[in-house]
Amino acid sequence: MRARLCAVLFGLSLLGAPAPVSAAAPPAPLGMACADVATPFRHWFCSGHVPSFDGVPLDVDLTLPAGGVVPRPLVVMLHGYSNDKTEWESNAITNVKADKDSYNNLAFASRGYAVLNYTARGFKGSCGPGTLAA
């Protein structure tokens with residue numbers, strides 16, 4: 213199961229290259245809708261459902277630094293059991309919760325990383341079975 217998840221995430225990272233950023237057209241990685249966000253710094257926030265290796269749609273958010281298309285390192289943030297993609301998302305770089313202070317989607321995007329937050333299959337906004345392996 214873990215190998216399968218790694219393969220899906222690796223595939224998403226390969227397919228997640230953003231379209232060119234311009235004033236006329238926002239990026240649309242993996243067909244997701246993106247919004248140009250100005251605070252706390254300028255970045256793109258993309259959200260949508262992305263099919264996994266077997267077609268099951270996963271609820272995905274992608275935070276991209278503003279600017280032209282350049283190769284970027286990708287950080288994938290995984291939530292804990294029964295949570296969702298928003299566990300490691302924030303509207304600010306700093307956070308009152310010690311475990312998330314400077315360790316969230318905006319903190320990494322402000323340093324030039326592309327950040328992928330997704331909800332594991334079977335939980336909240338993602339589809340498919342969420343059963344544990346025996």
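Counted from 1, the sequence shown has number 308 at position 96 by the numbering used here; the numbering is strictly sequential. Every residue, glycine too, gets a C-beta built ideally from N, C-alpha and C.
Status (buried if at least 16 other CB within 10 Å, exposed otherwise) for Asn-303: The residue labelled residue 303 in the question sits at position 91 within the sequence shown. Exposed is the call here.
Would you check if the distance between the CB atom of Ala-326 and the CB atom of Leu-276 is smaller than 7 Å? Taking the first residue of the sequence shown as position 1, residue 326 is located at position 114. Taking the first residue of the sequence shown as position 1, residue 276 is located at position 64. Cβ atoms of Ala-326 and Leu-276: closer than 7 Å.
Taking the alpha-carbon of Glu-299 as reference, which of Val-308, Ile-305 and Met-289 has the nearest alpha-carbon? Working through the sequence shown from its first residue, we reach residue 299 at position 87. Of the listed residues, the one whose Cα sits closest to Glu-299 is Met-289.
For Asp-311, the three-state DSSP class (helix, strand or coil): For the purposes of this step, residue 311 is identified with residue 99 of the sequence shown, where counting begins at 1. Three-state DSSP puts Asp-311 in a helix.
Considering only their Cβ atoms, is the gap separating Asp-273 from Lys-297 smaller than 7 Å? Residue numbering aside, residue 297 sits at position 85 when the sequence shown is read from its first letter. Residue numbering aside, residue 273 sits at position 61 when the sequence shown is read from its first letter. The answer is yes: Cβ separation under 7 Å.
Please state whether DSSP places Pro-252 in a helix, a strand or coil. Taking the first residue of the sequence shown as position 1, residue 252 is located at position 40. Residue state, collapsed to three classes: coil.
Out of curiosity, what's the CA-to-CA distance linking Val-268 and Val-287? Position 56 of the sequence shown holds residue 268. Position 75 of the sequence shown holds residue 287. Answer to the nearest angstrom: the Cα atoms are 22 Å apart.
On the DSSP bridge list, what partners appear for Tyr-330? Locating residue 330 in the sequence shown gives position 118, counting from the first residue. Paired residues: Val-272.
Quick one, which of Cys-258, Pro-252, Phe-253 and Ala-250 has its alpha-carbon nearest Met-244's? Residue 244 sits at position 32 when you count from the first residue of the sequence shown. Considering only alpha carbons, the answer is Cys-258.
Short Cβ contact (7 Å threshold) for Phe-253 with Ser-322: Position 41 of the sequence shown, counted from the first residue, corresponds to residue 253. Position 110 of the sequence shown, counted from the first residue, corresponds to residue 322. A contact, by the Cβ cut-off of 7 Å.
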